[in-house]
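> Same order as they appear, the protein sequences are chains A and B. Under my numbering, the first residue of the first sequence carries the number 17, and numbering increases by one thereafter. Under my numbering, the first residue of the second sequence carries the number 17, and numbering increases by one thereafter. We put the beta carbon where it would ideally sit given N, CA and C, even for glycine. Could you have a look at this structure, given as structure tokens, before my questions?
Number of protein chains: 2
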Amino acid sequence: MSNLELPPLDAVLADLAEYVAIPSDSRNADPATMRRAADWIAGQLDFAAGRVEQTAGHPVVRGEWLGAPGAPTVLVYGHYDVQPTGQESEWLSPPFRLTVDHGQDGDIARGRGVSDDKGPVFLVVAMLRAAIAQRGGLPLNVKFLIEGEEEIGSPHLPEYVRQHHRELACDLVISADGAQWRPDEPSISVASKGLVAFTVTVDGARDDLHSGRYGGTVANPVHVLATILASLHRSNGSVAVAGFYDGATPPSAQRRAELDAVPFDDDLFAAQLGVPETYGEAGYSTLQRLWERPTMEVNGVTAGGRYTVIPHIARAFVSCRLVGDQDPQLVLEAVDRHIARQPTPGVRVTVEQDGGAVPAYRIDPAHPAIAAATEALSAVYPEQEVLHAVIAGTLPATTLFERVLGAKTLFFSFSTADEKLHAPNEFLRLRRVHEGMRAWDALLIKMADGPHRLQPVTQPETHPETQELAQAKQ
Amino acid sequence: MSNLELPPLDAVLADLAEYVAIPSDSRNADPATMRRAADWIAGQLDFAAGRVEQTAGHPVVRGEWLGAPGAPTVLVYGHYDVQPTGQESEWLSPPFRLTVDHGQDGDIARGRGVSDDKGPVFLVVAMLRAAIAQRGGLPLNVKFLIEGEEEIGSPHLPEYVRQHHRELACDLVISADGAQWRPDEPSISVASKGLVAFTVTVDGARDDLHSGRYGGTVANPVHVLATILASLHRSNGSVAVAGFYDGATPPSAQRRAELDAVPFDDDLFAAQLGVPETYGEAGYSTLQRLWERPTMEVNGVTAGGRYTVIPHIARAFVSCRLVGDQDPQLVLEAVDRHIARQPTPGVRVTVEQDGGAVPAYRIDPAHPAIAAATEALSAVYPEQEVLHAVIAGTLPATTLFERVLGAKTLFFSFSTADEKLHAPNEFLRLRRVHEGMRAWDALLIKMADGPHRLQPVTQPETHPETQELAQAKQ
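In structure tokens, the structure reads:
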């Protein structure tokens, strides 16, 4: 289908090595370093008037190739910032030197950011430049938004997108960030989970009390907190908060069958994590729970210590991952009501929302982008079924783009989830470079015209609530 | 009754000021400072061959006046070390300068250690020296053991006492450490609570897991820990561990009535601590629970934090205060069995003993020492009933003396529990100095002869288990 002559891998890696060499760790790098990374990728967007624009934080890289009037417009999203290296001594090669090596299933390039997200962004840019050079243009209009704060929660992205929503207008956002869930099964993510977090605080006496001299006289905040936390789940693993599941429609029989058909070895999964067995809500397989069911997890607890006191305060940090139409605010209210019903004699209990609230995101599998992406992946991986996957994490940017630009986001990354993202020895499979280029080329052609042509979206009014997305944890 | 002419308060305070000026904080002071404090109080024991003896830690002060052959022998126990000062800025006067001031209910002397335990020990020494000077001797034999590590858990006392058990042989230990429970109600402590502590560890995955990317796939150790901790108590406040109460005989109707007669304002008590109400095991008053009932308190919990993970490990530190004949080892075994019965799918749970185990201590109210002490207190506080109190904390030394020396311990301190022991602005009520001297004088006379004469004890063989007492938390 594609007659594009792809840039040789060596040339791509030589360029990518320059990009990886800039240590654009958004948590720790100085502004000049961040700017150098932004300048580098903006420079690669010479065919699209690539430029660096200021935000209240690290700058964003923008660009647009608008040479296809009347054709649809896509916004390519990605980021140029990277995670901290972690312990450098754990790296097999210097984290900011792109190093080609042999991996378990083929050659890899190792380096911080190579898979998340410099490689996946750069392969799109390199492919587009080659396509313009060879064909004189692109089949549709392409805009770019490459941010520098993804790894720190995109704190300034909402404000920037709101302020520039007309310039960023598009029919679809395509994210070069994200990841194929496994190296050997092509997949398209059709949903990501929402998030709402809260802190439960149980207050007792003014100070910690000697557990002997006051034992038996006052309620122990830890006992009350334990009772509250134990009440959140049933013994079958389901969440016991009345109303929690409102809007979380169980997966259809067809979706269950689809997931049951995916090879998933529970014992191997448990062994890799070091747990004796998998566990979760009764009535669902592990993959069904991970992709289709909401969860409530206590992320941390803190009280007293290893000394004989009755702690004066006990705290738990709890977060929920949401699916479908669960409303984060209604979930919080349900939690509030549930906890208010627990017996808590002798203490004061408060529940406070912690950070922003993000609903689940999904794109209709019938959306033309999904059909186009499925065909594009099938062209590159002809032997395999394309799986509709779910990103079990939370991606506030999808909700941001939907609310402010009115556009859905398609995840189309050629990173893979097992490539040690955020950990030492991050790597990218070399075969993904050309696979990704061919897939993106096919994708854009299919979206430009024919049965899967993108339809225009209605740009909504901007809405102040988008600001809160900035605070959402990921 | 007593014709003893007591040393003038000014003279006592002048001496005590020297003693308080030596900052013998056993946790932080250098050996030379500790030695200076030991030397000072040993010097006051000139009438008893006072001397300093080495241990593996801070030295002990020994002495004996054995001029009453055929009469009983008592061992006076106390300590010359003090607590750290805490925030010096919170002190109204320098912590190591004895400062006389007006308190809420009369004059006080302020300074670190003045109430715990330098004042209460020194008043005995000063009284005995006056008695020998005025009467030519004492009515019974008196030995001294004044240690320097009480505030850090007496780590080297068991070994020292075991090695010197013949020299320390006595018919009764009288502790100048401890405290009257209230300033206005004379009391004798007839029991102290035992202690056994354990750590519950719930292990999940090898590392903390992203709560999105792994949510719903594995058990959360915090959920399991919460379920375990919530299972330890019933909703009526009683401990739900089968066998926990074995050996903890409920107080008799008479003892209940005795405690019900003690003025105790629950609302005031709660207000002072800053809790909305008192709380504890159903069926008992607050004072009954504090003095007569065992407790199990979670002293601390730790897991994860305020970030979206499934923590890989969750821990709780738990301790029990024991009464009556509860056996610490059997309590631990009961806890083990109880926790083993809880459902804990997907995790590993371990329960480990934490530190030493100390049974409850008690002295029979019919013991002649109690009668003697009651009469001695009545002589000083003629208007008031003497209450049989309980030290709700744990005093490993009592068990040590009982096991190694075969001797019971009588608490006869003229400190008061509200004198900010261990806190900034520790103080001693000045009236307690002469009250204490008169009471000790009366006590020793009554113990020497007459209806309450002390009976000889049988010195037991030393027993290796006494070593473990050194590790017991207090």
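Are at least three pairs of beta-carbons, each pair with one atom in the segment 245 to 252 of chain B and one in the segment 387 to 396 of chain B, less than 8 angstroms apart?
no
> Should residue 212 of chain B be flagged as near chain A, meaning a C-beta pair shorter than 8 angstroms?
Position 196 of the second sequence holds residue 212 of chain B. Cβ-Cβ to chain A under 8 angstroms: no for residue 212 of chain B.
> Would you list, in chain order, the members of the segment 311 to 327 of chain B that have their beta-carbon closer than 7 angstroms to a beta-carbon of chain A?
311, 313, 314, 315, 316, 317, 318, 319, 320, 321, 322, 323, 324, 325, 326 and 327
> Grab me the residues of residue 521 of chain A's own chain with a C-beta within less than 7 angstroms of its C-beta, minus the 5 sequence neighbours each way, in chain order.
There is simply no residue 521 of chain A to check, as chain A begins at 17 and stops at 490 in what is shown.
> Nearest to residue 212 of chain A by CA position, among B:347, B:379, B:322 and B:81, is which residue?
Indexing the first sequence from 1 puts residue 212 of chain A at position 196. Each of B:347, B:379, B:322 and B:81 was checked against the Cα of residue 212 of chain A, and the nearest Cα belongs to B:322.
> I think residue 164 of chain A touches residue 50 of chain A, with their Cβ atoms under 8 angstroms apart; what is that distance to the nearest whole Å?
Translated into positions along the first sequence, residue 164 of chain A becomes position 148. Translated into positions along the first sequence, residue 50 of chain A becomes position 34. Indeed they touch by this definition, with Cβ atoms about 5 angstroms apart.
> Between the segment 89 to 103 of chain A and the segment 155 to 164 of chain A, do at least 3 Cβ pairs fall closer than 8 angstroms?
The segment 89 to 103 of chain A, when compared against the segment 155 to 164 of chain A, does touch it at the 8 angstroms Cβ threshold.
> Near residue 267 of chain B, what residues of its chain come up, given a Cβ to Cβ distance below 7 angstroms and the 5 sequence neighbours on each side ignored?
Translated into the one-based positions of the second sequence, residue 267 of chain B becomes position 251. Result list for residue 267 of chain B: 304 and 308, in chain order.
> Tell me the residue span of the alpha helix (DSSP H) that contains residue 132 of chain B.
For the purposes of this step, residue 132 of chain B is taken as residue 116 along the second sequence, with counting starting at 1. Element bounds for residue 132 of chain B: n/a, residue is neither H nor E.
> Got a sec, what are the start and stop residues for the beta strand (DSSP E) residue 211 of chain A sits in?
Looking up residue 211 of chain A in the first sequence gives position 195. Per DSSP, residue 211 of chain A belongs to the beta strand (DSSP E) from 210 to 219.
> For the segment 288 to 300 of chain B against the segment 181 to 192 of chain B, do three or more pairs of beta-carbon atoms, one drawn from each stretch, fall closer than 8 angstroms, so that the two count as touching?
no
> Can you give me the C-alpha to C-alpha distance between residue 375 of chain A and residue 26 of chain A, rounded to a whole angstrom?
Counted from its first residue, the first sequence places residue 375 of chain A at position 359. Counted from its first residue, the first sequence places residue 26 of chain A at position 10. Roughly 42 angstroms between the two C-alpha positions.
> May I ask you to report which of helix, strand or coil DSSP gives residue 160 of chain B?
For the purposes of this step, residue 160 of chain B is taken as residue 144 along the second sequence, with counting starting at 1. Residue 160 of chain B: strand per DSSP, three-state reduction.
> Please return the same chain residues whose Cβ sits closer than 6 angstroms to the Cβ of residue 408 of chain A, not counting the five positions on each side in sequence.
As a first step, residue 408 of chain A is located in the first sequence; it is residue number 392 there, counting from the start. So the list reads 209 and 306, once near-sequence residues are dropped.
> Three or more C-beta pairs closer than 8 angstroms, one from the segment 108 to 116 of chain A and one from the segment 62 to 71 of chain A: is that the case here?
Flag = no, the segment 108 to 116 of chain A and the segment 62 to 71 of chain A do not touch.
> Output yes or no for whether 8 angstroms exceeds the beta carbon distance between residue 77 of chain A and residue 168 of chain A.
Stepping through the first sequence from its first residue, residue 77 of chain A is reached at position 61. Stepping through the first sequence from its first residue, residue 168 of chain A is reached at position 152. Taking 8 angstroms as the Cβ cut-off, residue 77 of chain A and residue 168 of chain A do not qualify as a contacting pair.
> Is residue 217 of chain A close to chain B, meaning its C-beta is less than 8 angstroms from at least one C-beta of that chain?
Working through the first sequence from its first residue, we reach residue 217 of chain A at position 201. By this cut-off, residue 217 of chain A is not an interface position.
> Out of B:281, B:191 and B:72, which has the shortest C-alpha to C-alpha gap to residue 427 of chain B?
Working through the second sequence from its first residue, we reach residue 427 of chain B at position 411. Out of B:281, B:191 and B:72, B:191 has the C-alpha closest to the C-alpha of residue 427 of chain B.
> Using a Cβ-based criterion (distance less than 7 angstroms to any ligand heavy atom), does residue 310 of chain B qualify as near the ligand GTP?
This structure does not include the ligand GTP; it has no bound ligands of any sort.
> Is the Cβ of residue 138 of chain B closer than 8 angstroms to any Cβ of chain A?
Position 122 of the second sequence, counted from the start, is the residue given in the question as residue 138 of chain B. So no, residue 138 of chain B is outside the interface.
> Have a look at the DSSP bridge pairing and note the partners of residue 404 of chain A.
Translated into positions along the first sequence, residue 404 of chain A becomes position 388. A:204, per the DSSP bridge assignment.
> Would you list the residues sitting across from residue 311 of chain B in a DSSP beta bridge?
The residue given as residue 311 of chain B occupies position 295 in the second sequence. For residue 311 of chain B, which the question treats as bridged, DSSP gives the partners B:337.
> Please compile the residues from chain A whose C-beta is within a distance smaller than 7 angstroms of the C-beta of residue 295 of chain B.
The residue you call residue 295 of chain B lines up with position 279 of the second sequence. 234, 235, 361 and 362, listed in chain order.
> Residue 380 of chain B and residue 263 of chain B look like a contact to me (Cβ under 8 angstroms); what is the Cβ gap, rounded to whole Å?
On the second sequence, residue 380 of chain B is found 364 positions in, with the first residue counted as 1. On the second sequence, residue 263 of chain B is found 247 positions in, with the first residue counted as 1. Actually they are not in contact, since the Cβ atoms of residue 380 of chain B and residue 263 of chain B sit about 17 angstroms apart, beyond 8 angstroms.
> Distance, Cα to Cα, residue 394 of chain A vs residue 81 of chain A?
Stepping through the first sequence from its first residue, residue 394 of chain A is reached at position 378. Stepping through the first sequence from its first residue, residue 81 of chain A is reached at position 65. If you take the alpha carbons of residue 394 of chain A and residue 81 of chain A, they lie about 27 angstroms apart.
> When Cβ atoms are compared, which residues of the segment 298 to 310 of chain B fall closer than 7 angstroms to chain A?
302, 305, 306 and 309
> In the DSSP output, which residue or residues are listed as bridge partners for residue 80 of chain A?
Locating residue 80 of chain A in the first sequence gives position 64, counting from the first residue. Looking at the DSSP assignment, residue 80 of chain A forms a beta bridge with A:159.
> Go through its chain and collect everything with a Cβ distance to residue 84 of chain B's Cβ below 8 angstroms, but skip five positions before and after it.
Position 68 of the second sequence, counted from the first residue, corresponds to residue 84 of chain B. The answer, listed in chain order, is 153, 154, 155, 156, 157 and 464.
> Would you mind telling me which residues of chain A sit closer than 8 angstroms to residue 291 of chain B, beta carbon to beta carbon, in chain order?
For the purposes of this step, residue 291 of chain B is identified with residue 275 of the second sequence, where counting begins at 1. Here the neighbours are 220, 221, 234, 235, 362 and 363.
> Any beta carbon from chain A within less than 8 angstroms of residue 242 of chain B's own beta carbon?
Looking up residue 242 of chain B in the second sequence gives position 226. Interface residue (Cβ-Cβ distance to chain A less than 8 angstroms): residue 242 of chain B is classified as such.
> Quick check on DSSP: helix, strand or coil for residue 179 of chain B?
As a first step, residue 179 of chain B must be located in the second sequence, where it is residue number 163. Shown here, residue 179 of chain B sits in a helix according to DSSP, grouped into three states.
> Ignore the nearest five residues each way along the sequence and tell me which others in residue 272 of chain B's own chain have a CB closer than 7 angstroms to its CB.
Counted from its first residue, the second sequence places residue 272 of chain B at position 256. Answer for residue 272 of chain B: 304, listed in chain order.
> At 8 angstroms on the CB atoms, spell out the chain A contacts of residue 227 of chain B, in chain order.
If you number the second sequence from 1, residue 227 of chain B lands on position 211. Those within 8 angstroms of residue 227 of chain B in chain A are 311, 313, 315, 335 and 337.
> Does the beta carbon of residue 101 of chain A sit closer than 8 angstroms to a beta carbon anywhere in chain B?
Stepping through the first sequence from its first residue, residue 101 of chain A is reached at position 85. No, no contact with chain B.
> Output yes if chain B places a C-beta closer than 8 angstroms to the C-beta of residue 239 of chain A; else output no.
Within the first sequence, numbered from 1, the residue matching residue 239 of chain A stands at position 223. At least one chain B Cβ lies under 8 angstroms of residue 239 of chain A.
> Mind reading off the beta-carbon distance from residue 425 of chain B to residue 189 of chain B? Whole number of angstroms is fine, and I expect it under 8 angstroms.
Taking the second sequence and counting its residues from 1, one reaches residue 425 of chain B at position 409. Taking the second sequence and counting its residues from 1, one reaches residue 189 of chain B at position 173. That pair is a contact at about 4 angstroms.
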